[in-house]
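Participant: Residue numbers (the numbering used here): 2 to 857. The C-beta atom is built at its ideal place from N, Cα and C for all residues, glycine as well. Predicted model, so just to flag it, every value in this text is computed and none were measured.
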Amino acid sequence: MTGVPEKPSLEGLEAKWAQRWEAGGTYRFDRSKARDEIYAVDTPPPTVSGSLHMGSVFGYAQADAIVRYQRMRGKEPFYPMGWDDNGLATERRVQNYYGVRCDPTLHHDPDFRPPEKPGKHAIPVSRPNFVELCEKLTEIDEQAFEEMWRRLGLSVDWSLTYTTIGEGAQRVSQRAFLRLFARGEAYQSEAPTLWDVDDRTAVAQAELEDREHAGASHRIRFGGTDGAGDVLIETTRPELIPACVALVAHPDDERYRDRFGSFVTTPLFGVSVPIVAHHLAEPDKGTGIAMICTFGDVTDVVWWRELQLPTRSVMGRDGRLVAEPPEWDATDPEAGARYRELAGKTAKQARERVVELLRESGALEGEPQPITHPVKFYERGSRPLEIVTTRQWYIRNGAHDPELRKVLVERGRELRWHPPHMRSRYESWVEGLNTDWLISRQRFFGVTFPVWYPVADTGQVDYESPLLAREERLPVDPSSDVPDGYDESQRGQPGGFVGDPDVMDTWATSSLTPQIAGRWEDDPELFSGVFPMDLRPQGGEIIRTWLFSTVLRSHFEHGSLPWSDTAINGWVLDPDRKKMSKSKGNVVTPVEYFDRFGSDAVRYWAMNGSPGVDTAFDEGQIKVGRRLAIKILNASKFTLGVRGTVAATGPVTEALDRSLLCALAELVDEATAAFHDYDYARALKQTERFFWGFCDDYLELVKQRAYGASSAAGSDGATASARRTLELALGTLLRLFAPHLPFVTEEVWSWWREGSVHREPWPDASELRSHAADTGRLAYVVAGEVLGEIRKAKTAQQRSMRADVDNVVVHDAPERLAALALVAGDVREAGRVRALETVEAGELRVDVELAESDAA
RNA sequence: GGGCGUUUAGCUCAGCUGGUAGAGCGCCGCCCUUACAAGGCGGAGGUCGCAGGUUCGAGGCCUGCAGCGCCCACCA
2 MTGVPEKPSL EGLEAKWAQR WEAGGTYRFD RSKARDEIYA VDTPPPTVSG SLHMGSVFGY
62 AQADAIVRYQ RMRGKEPFYP MGWDDNGLAT ERRVQNYYGV RCDPTLHHDP DFRPPEKPGK
122 HAIPVSRPNF VELCEKLTEI DEQAFEEMWR RLGLSVDWSL TYTTIGEGAQ RVSQRAFLRL
182 FARGEAYQSE APTLWDVDDR TAVAQAELED REHAGASHRI RFGGTDGAGD VLIETTRPEL
242 IPACVALVAH PDDERYRDRF GSFVTTPLFG VSVPIVAHHL AEPDKGTGIA MICTFGDVTD
302 VVWWRELQLP TRSVMGRDGR LVAEPPEWDA TDPEAGARYR ELAGKTAKQA RERVVELLRE
362 SGALEGEPQP ITHPVKFYER GSRPLEIVTT RQWYIRNGAH DPELRKVLVE RGRELRWHPP
422 HMRSRYESWV EGLNTDWLIS RQRFFGVTFP VWYPVADTGQ VDYESPLLAR EERLPVDPSS
482 DVPDGYDESQ RGQPGGFVGD PDVMDTWATS SLTPQIAGRW EDDPELFSGV FPMDLRPQGG
542 EIIRTWLFST VLRSHFEHGS LPWSDTAING WVLDPDRKKM SKSKGNVVTP VEYFDRFGSD
602 AVRYWAMNGS PGVDTAFDEG QIKVGRRLAI KILNASKFTL GVRGTVAATG PVTEALDRSL
662 LCALAELVDE ATAAFHDYDY ARALKQTERF FWGFCDDYLE LVKQRAYGAS SAAGSDGATA
722 SARRTLELAL GTLLRLFAPH LPFVTEEVWS WWREGSVHRE PWPDASELRS HAADTGRLAY
782 VVAGEVLGEI RKAKTAQQRS MRADVDNVVV HDAPERLAAL ALVAGDVREA GRVRALETVE
842 AGELRVDVEL AESDAA
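#1: Report buried or exposed for W329, applying the criterion of at least 16 other Cβ atoms within 10 angstroms of its Cβ.
#2: Hey, how far is the Cα of W508 from the Cα of N130?
#3: Just the C-alpha distance for G694 and L574, rounded to the nearest angstrom, thanks.
#4: Expressed to the nearest angstrom, what Euclidean distance is found between the alpha-carbon atoms of V703 and R424?
#5: Name the two residues that bound the continuous beta strand (DSSP E) containing W453.
#6: Report the rounded CA-to-CA distance for D1 versus A674, giving the unit in angstroms.
#7: Please list, in chain order, all residues of the same chain as G317 whose beta carbon is under 8 Å from its beta carbon, the five residues on each side excluded.
#8: Starting from T390, trace the alpha helix (DSSP H) in both directions and tell me its first and last residue.
#9: I need the straight-line Cα distance from P467 to P563, nearest angstrom please.
#10: Would you call the segment 272-280 in contact with the segment 298-308, where contact means no fewer than 3 C-beta pairs closer than 8 Å?
#11: Please report the distance separating the alpha-carbon of Q144 from that of T514.
#12: Taking the alpha carbon of D43 as the point to measure from, which residue in Q206, W84 and Q20 has its own alpha carbon closest?
#13: Does DSSP put E12 in a helix, in a strand, or in coil?
#14: Which same chain residues end up closer than 7 Å to G225 when comparing Cβ atoms and leaving out the 5 residues on each side of it in sequence?
#15: I need the boundaries of the beta strand (DSSP E) containing F446, first residue and last residue.
#16: Mind checking who M505 pairs with in its DSSP beta bridge?
#17: Identify whether R846 lies in helix, strand or coil by the three-state DSSP scheme.
#18: Assuming L818 contacts T839 (C-beta within less than 8 Å), just tell me the rounded distance between them.
#19: With hydrogens ignored, establish whether the beta-carbon of A666 is closer than 7 Å to any heavy atom of the ligand HEM.
#20: Give me the Cα-Cα distance between G120 and M608, rounded to the nearest whole angstrom.
#21: Assign G60 to buried or exposed, taking buried as 16 or more other Cβ atoms, counted over all protein chains shown, within 10 Å of its Cβ.
#22: Would you mind sorting T720 into buried or exposed? The rule is 16 or more other CB atoms within 10 Å of its CB.
#23: Let me confirm a value: G4 is counted as buried when at least 16 other C-beta atoms fall within 10 Å, else exposed. Which label applies?
#24: Let me check understanding here. Comparing Cα to Cα, which of A766, Y708 and Y681 lies closest to A739?
#25: Count the CB pairs spanning the segment 519-539 and the segment 477-492 that are closer than 8 Å, and state whether there are at least three.
#26: Quick check: the segment 651-659 against the segment 822-837, are at least 3 beta-carbon pairs closer than 8 Å?
#27: If we ignore side chains and look at the alpha-carbon of each, how far apart do E415 and A400 end up?
#28: Considering S273, what are the terminal residues of the beta strand (DSSP E) in which it resides?
#29: Report back the beta-carbon spacing between F445 and C103 to the nearest angstrom; my notes put them in contact at under 8 Å.
#30: Are three or more beta carbon pairs between the segment 167-187 and the segment 331-339 nearer than 8 Å?
#31: Between the Cα of T236 and the Cα atoms of V504, E342, D227 and I221, which residue gives the shortest distance?
#32: What are the partner residues of D805, as DSSP defines its beta bridges?
#33: Should the segment 620-631 be regarded as contacting the segment 595-610, the criterion being three or more beta carbon pairs within less than 8 Å?
#34: DSSP on P105, reduced to helix/strand/coil?
#35: Going by DSSP, which residues form a beta bridge with E191?
#36: Identify every residue that forms a DSSP beta bridge with I290.
Put into structure tokens, the structure is as follows:
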């Protein structure tokens with residue numbers, strides 16, 4: 002303990018305490034504890050691709066308050082931080098930061114150094130060089146992130162930090178993959194998949210977003226055959242006419258019923274395609290009959306699959322039409338030449354040319370009508386997704402398995418959601434799944450598949466008989482490691498092997514954060530101590546990805562939930578009520594606010610956002626937080642500063658003191674109940690309100706007596722009672738504030754107590770009640786209200802608060818007057834009142850007769 | 001199209017299982033009071049989105065409607 006400083010200040014508290022907490026191991030996890038003493042938290046590993054913003058601060062601070070509460074309740078938190086550094090987000094950052102791009106055909110250059118500044122044209126580098134740059138940059142970013150979190154005061158144990166590209170994570174991820182495969186829960190399939198033509202990788206359903214996209218509706222004539230009339234269709238993608246395999250209408254549609262089974266010919270190419278019926282065709286859309294292409298959108302895929310139509314793919318993986326026309330029986334002699342004119346063009350370029358050709362040929366009915374319509378994008382992408390047929394790895398997720406889907410919905414109900422209504426997002430996601438989880442990505446910086454494929458003597462790769470790594474070898478990199486029974490010289494050779502070239506989607510690894518942090522299989526004792534975990538705090542926007550996939554993996558691997566509870570935090574909105582996000586460019590960076598107001602002040606703002614509620618960023622709230630922190634310093638200085646000759650050890654004898662402690666016990670009950678409900682915001686609000694009342698009323702009421710200057714109750718016993726109560730109250734209030742404002746509470750604690758407030762037990766209401774004896778809170782309440790009336794009278798007469806009062810008459814209900822009688826001495830001292838009378842009445846009224854002039 | 005949430009003072013939000021409307025900011029006024037002037041004390045300000053209903057009593061429950069936000073969906 003250091004004693005009370007002359008001039009308490011918030012400046013420098015973050016650096017001071019962050020350092021001491023680390024040095025003292027304040028938040029170090031004690032793994033010797035039993036499972037039921039541990040509170041295990043599956044902390045979101047932030048994506049390390051730039052800077053943290055207020056949205057991150059918001060959610061992580063809230064989770065930290067819950068963890069701090071649990072720690073004070075006597076639980077031992079297992080509270081690690083991770084960095085989600087693998088994946089496309091990191092690749093993009095590296096590409097921009099260093100001005101490079103990965104070209105996997107190049108060989109490793111050990112002398113490669115990135116340029117000081119990124120150049121105009123991206124420098125092609127080999128995959129190993131690219132991965133090195135990714136590792137280098139993420140390490141820098143992670144240090145900056147850690148510093149930021151320490152400054153925010155997160156009570157994580159930094160010795161437990163993991164990364165999703167780290168060796169431990171790779172081993173867990175590959176092991177889990179092998180086990181999924183062994184149980185038939187992971188499989189590979191060659192199928193049409195949504196494809197990002199810029200990143201040149203497949204993407205999963207969870208990464209899609211619909212965007213309103215400007216396009217045009219084209220009305221196009223297909224030629225009737227055998228004397229039947231022409232058919233008009235509408236499409237936004239005329240460039241896919243060469244990929245057309247059928248027209249489709251609803252089976253009940255009178256207009257087309259007679260033509261099901263007959264054929265029409267495509268414009269420009271003269272390919273004969275059938276008219277087919279399917280219930281997904283909607284009569285009131287366009288002309289009621291649609292062109293099925295391979296593949297224009299996901300409905301095309303459904304039609305193609307269910308109606309067993311042929312494949313005529315034209316879209317290449319680079320987003321350009323492939324060089325050769327598809328296999329077709331084109332009757333138009335110009336078909337081949339027309340197609341080759343389109344080959345190599347992007348979808349947009351091809352569309353323009355096709356429209357010209359259609360117009361010339363007379364197949365275009367009217368002019369294209371501009372429309373905007375929802376189009377599927379990769380959430381990080383800038384061009385519409387295409388659909389191309391590729392071989393990919395999938396994990397079953399219930400999309401094609403009603404039984405599994407049902408079980409996963411049940412898992413969602415087993416999980417306790419805070420707030421509860423967030424569960425509906427999970428359920429609507431599970432119930433809307435339409436494809437299994439596509440986990441392979443045609444990218445470079447990620448966890449590889451521990452898989453090779455045999456190459457037949459003919460040179461054909463046999464994907465059906467993958468060569469799997471043994472678990473003892475993990476992690477492996479199939480591009481440099483060799484499968485058992487082969488040697489490196491056989492790579493890519495007939496009779497040899499090839500490595501799986503893909504990496505896993507980042508979620509395929511980060512869905513295993515409980516297993517990674519708990520060192521599943523690598524440290525069985527630790528794992529059994531922390532798994533299943535207690536809490537998953539996270540944002541609502543990643544319920545469909547992170548939360549769902551983690552539940553899925555745990556269900557497959559352990560037959561249980563990964564955690565018992567999840568706390569979903571809301572969005573941070575800018576003052577115009579728009580979501581703050583990097584892409585919108587309306588983010589504010591936390592550092593500036595840490596600098597200006599201090600971490601406790603920023604945390605105070607975050608704690609004001611109720612669980613799951615979107616909250617506006619509000620500098621005003623941060624200022625209020627700073628004011629509260631300063632008030633805590635000053636009130637504590639007073640409380641501890643009045644300790645004079647009389648020690649604060651005697652019994653609590655005075656009615657006002659007992660009544661205050663009774664009220665405080667009720668506050669402890671309320672705050673505890675709020676935290677029990679994961680409602681840190683309610684806990685803070687109640688504590689804060691009590692604290693301001695404590696400062697305004699109790700401190701004023703007790704001040705003279707605590708100084709030992711009271712004439713009415715000037716005994717040492719009454720003074721000791723005041724001092725004892727002040728310390729009991731301060732100790733309680735600091736502990737109630739500690740989860741929210743860890744720095745200022747720790748600072749004050751250190752003035753007069755040993756150890757960290759954050760390892761102190763949560764306040765005990767029954768102990769406070771024993772000090773209060775049977776005195777109720779009413780005396781404290783009435784005393785405060787009467788004092789308020791006296792102040793009001795002084796204000797109304799424009800007098801100083803120090804103005805003397807000749808006489809006060811309190812009119813009030815009998816029980817309230819009785820309570821007042823117990824504390825009348827303190828009220829008179831605080832109000833400088835010479836005489837105080839009471840009159841029974843229905844409600845409180847106070848007549849105040851001020852002295853003519855203030856006593857000298 | 002389906003679902004979830006939300007609508008309370010000028011602003012940002014509390015108001016837990018129904019019992020005579022709350023806080024902070026902003027605004028106005030007073031006070032340099034020995035914990036605190038980057039402060040303290042006090043004041044003004046709301047028919048709780050709209051329309052019905054249940055109840056002795058509704059901001060809180062029920063029905064309908066509207067605005068806003070979000071989630072989900074096979075939108076030619």
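Facilitator: Judging by the given coordinates:
#1: W329 comes out buried.
#2: 24 Å
#3: 31 Å
#4: 50 Å
#5: Unbroken beta strand (DSSP E) run through W453: V452 to P455.
#6: Since the displayed the chain opens at 2 and closes at 857, residue 1 lies outside it and no answer follows.
#7: V323 and V389
#8: Not the alpha helix (DSSP H): T390 falls in the beta strand (DSSP E), residues E387 to I396.
#9: 30 Å
#10: yes
#11: Roughly 20 Å between the two C-alpha positions.
#12: W84
#13: coil
#14: D231, V232 and V265
#15: Run containing F446: none; DSSP gives neither H nor E here.
#16: M505 is bridged to S441.
#17: strand
#18: 5 Å
#19: As far as ligands go, the structure on display features none, and thus does not contain the ligand HEM.
#20: 44 Å
#21: buried
#22: buried
#23: exposed
#24: Y681
#25: No: fewer than three Cβ pairs fall under 8 Å.
#26: yes
#27: 20 Å
#28: S273 to A278
#29: 5 Å
#30: no
#31: I221
#32: In DSSP, D805 forms no bridge with anything.
#33: By the Cβ criterion, the segment 620-631 is in contact with the segment 595-610, since at least three pairs of Cβ atoms, one from each stretch, lie closer than 8 Å.
#34: coil
#35: DSSP lists R392 as the beta-bridge partner residues of E191.
#36: A250
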